[in-house]
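Read in order, the letters of the sequence shown are residues 1 to 518 in full-length UniProt numbering.
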Amino acid sequence: MHAATWLNLSTTTSICVHLSSTLLFFKFHFHPTTPPPSTAVYYTTMANISILSLSLSFLLVFHGCLALRPFQQQQQQNQCQIQRINALQPNERVQAEAGWTDFFDSSNQQFLCAGVEVIRHHIQPQGLLLPSYVNTPLMVYILQGRGYQGTMLPGCPETFQSSQQLQEGSGSFQDRHQKIRHFQQGDVVVFPAGAAHWMYNDGQEEVIAVALLDSTNSANQLDQFHRRFFLAGNPQQGGQQQQQQQKKGGKSWGRSQKGQSQEEGSGNIFRGFDLEMLAEVFNVEQETAEKLQSKDDTRGHIVKVERGLQVIRPPMKSEQQEERGRGGAANGFEETICSAKMTHNIDDPSRADFYNPQAGWCNNLNSFKLPILQMLQLSAERGVLRRNAIVSPHWLMNAHSIIYVTKGDMGMQIVNHEGQTVFDDQIQEGQLVVVPQNFAVVQKAGEQGCQWIAFRTNDNAMINTLAGHTSALRAMPVNVIANAYQMTAEQAWSLKFNRKETVMFSPRSRSSGRSIAA
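Here it is as structure tokens:
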């Protein structure tokens, strides 16, 4: 993969910021302080030519900096003129031998506004999600189950090695491969755009993984929908879902082009290569090369590994201890793309960013905790509300929010810039709602409480509340509130100070007295 693929928005911005200082560096180094008289003209001429070349190069880069996300802006123009938001649930399913994948309707205006798509994998025990890569960054929340996964990154060493012979069938061999990472319930797992990956369920229960695909991320230069390129299998078997996708022009597992039959448009990427060419590039017999094309494979995109997957991997406990020892801080030297941490658990209440024993807790995952998110420009929030507890009315300053309910239910109200209610309904387990950037939202848990995962389209999404200790109204002078809302100073004071909590409010709790609590 070209190195430019790994440049994210923040990295590119940093390059832009440092161009001026770099230009000065070259200027001073190309001009010797005291050149000999005979060479002064030569040095001066060469320096001017070099600086002119550099200036033209930097001008091109500056031009790119001024248009970092034109593709995304064009895609999303006028898509967020939303008059009505609805709670969504999957409307399509692709079945496979050892599980299935549910799709949410990517043509829905909410997804078009946010520039994202959402899918949900169900992987049965001993099920293997076949190796593939996607043209968008991926953020996956493990709702249930455990297993391990591999992410194949170009140029990274095969650091997992075995000095003993591994038994497989009638033969034995030594294996080595890139790093394998464990995942468990509550983990957020991320994959850069174009990075090939696979997932395996080594537990006793089904793995349920909810995945966000950031289709309008700057790393995606194809189109507004995600495309999955499989390295193995014949994922189009079953056909019904593909035909529906073709009719509506939407996504599918490597959808076929117009004019192609279903048979011609299906299969993994090796199927499109000439068999002799594959045998030559891999230096194997044609019989072996033919296996790559998987023409007769009817198992789908999630396959059953009958005797379990045999790979080189450390014990899960030691890996967790290593991650805890590393912490979330990064100094810029200890982590490269090959050793980058790509998994973080956000289900632990002891690490909560907001905690109220009577209301619930909330855990945010951003690029400060997981540095690779700066490259992906994504973040996440895990929230748990007690019965009838409330999340303060708020808006996200710099991101869209895709809220997926994992347990229970909650009532939500969403308001647009015109003060119109675009959503006022219950959202149930397994449903999601897209909250566009700057739209105001309030959440109240139902009788059984509520839990959710929220994906956000910024690596450091910022929330601004309307009520509570750190709210916008709390930051205003009492007299400003009184005049803005045509109320008495006493009413303004109670509006500003009556709620002492920050983000999560216990139901019907009120504070009395006029003292201002810190």
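For every residue, glycine included, the Cβ atom is placed at its ideal position computed from N, Cα and C.
Quick caveat: nothing in here was measured; it's all calculated off a predicted structure.
Buried or exposed (CB count within 10 angstroms, at least 16 for buried), residue i
i           : result
His400      : buried
Pro37       : Confidence in Pro37 is poor, its pLDDT being 45 and thus under 50, which makes the residue's placement unreliable; the coordinate value appears in the next sentence. Exposed, because fewer than 16 other Cβ atoms sit within 10 Å of the Cβ of Pro37.
Lys258      : With a pLDDT of 36 at Lys258, under the threshold of 50, the predicted position of this residue should be treated as unreliable, though the coordinate-derived value follows. With fewer than 16 other Cβ atoms within 10 Å, it is exposed.
Leu129      : buried
Gly155      : exposed
Ala440      : buried
Gln110      : buried
Glu381      : buried
Glu501      : buried
Phe282      : exposed
Leu370      : buried
Glu287      : exposed
Asp424      : exposed
Asp296      : exposed
Glu92       : buried
Lys407      : exposed
Gln126      : buried
Asp348      : exposed
His394      : buried
Asp202      : buried
Asn366      : buried
Tyr485      : exposed
Ser379      : buried
Phe273      : exposed
residue 544 : Nothing about residue 544 can be read from this structure; the chain reaches only from 1 to 518.
Val480      : exposed
Residue i in three-state terms, based on DSSP
i      : result
Ser294 : coil
Lys407 : strand
Met152 : strand
Leu350 : According to the sequence displayed, residue 350 carries Ser and not Leu. Helix, per DSSP.
Gln83  : coil
Phe368 : coil
Ile269 : helix
Phe104 : coil
Ser494 : helix
Thr288 : helix
Opening and closing residue of the beta strand (DSSP E) in which residue i lies
i      : result
Phe282 : Run containing Phe282: none in the beta strand (DSSP E); it sits in the alpha helix (DSSP H), Leu275 to Phe282.
Val305 : Taken as a continuous stretch (DSSP letters only), Val305 belongs to no beta strand (DSSP E), as it is neither H nor E.
Ile123 : Glu117 to Ile123
Met375 : Counting along the chain, Met375 falls outside any beta strand (DSSP E), though it belongs to the alpha helix (DSSP H) covering Leu373 to Leu376.
Glu92  : Glu92 to Ala96
Val480 : Looking at the DSSP string, Val480 is not in any beta strand (DSSP E); the run it does join, the alpha helix (DSSP H), is Val478 to Ala484.
Leu130 : Gly127 to Val134
Gln174 : Premise fails: Gln174 is in no beta strand (DSSP E) and is neither H nor E.
Met139 : Leu138 to Gln144
Thr343 : Thr343 to Asn345
Residue i: CB within 7 Å of a non-hydrogen atom of the ligand COA
i      : result
His226 : The ligand COA is absent from the structure shown, which contains no ligand whatsoever.
8 Å contact criterion, which residue i and residue j should meet: CB distance rounded
i      : j      : result
Ile123 : Met199 : 7 Å
Leu432 : Val118 : 6 Å
Met410 : Gly446 : 6 Å
Leu212 : Val116 : 6 Å
Thr136 : Ala193 : 5 Å
Ala489 : Ala482 : 5 Å
Val189 : Met342 : 6 Å
Leu138 : Ile337 : Not confirmed; about 15 Å, so no contact.
Gly300 : Pro235 : 6 Å
Met504 : Cys362 : 7 Å
Gln184 : Glu158 : 25 Å between Cβ atoms; not a contact.
Leu231 : Ser132 : 6 Å
Val434 : Ala87  : That pair is no contact at about 10 Å.
N-terminal and C-terminal residue of the alpha helix (DSSP H) that residue i is part of
i      : result
Cys113 : Gln109 to Ala114
* Counting only runs of 3+ residues fully inside the segment 177–227, write out the beta strand (DSSP E) ranges in chain order. => Complete beta strand (DSSP E) runs here, min 3: 180–184, 187–191, 196–200 and 207–213.
* Taking only runs that begin and end inside the segment 381–469, name each unbroken beta strand (DSSP E) of 3 or more residues, in chain order. => Complete beta strand (DSSP E) runs here, min 3: 390–396, 401–415, 421–428, 432–435, 440–456 and 463–465.
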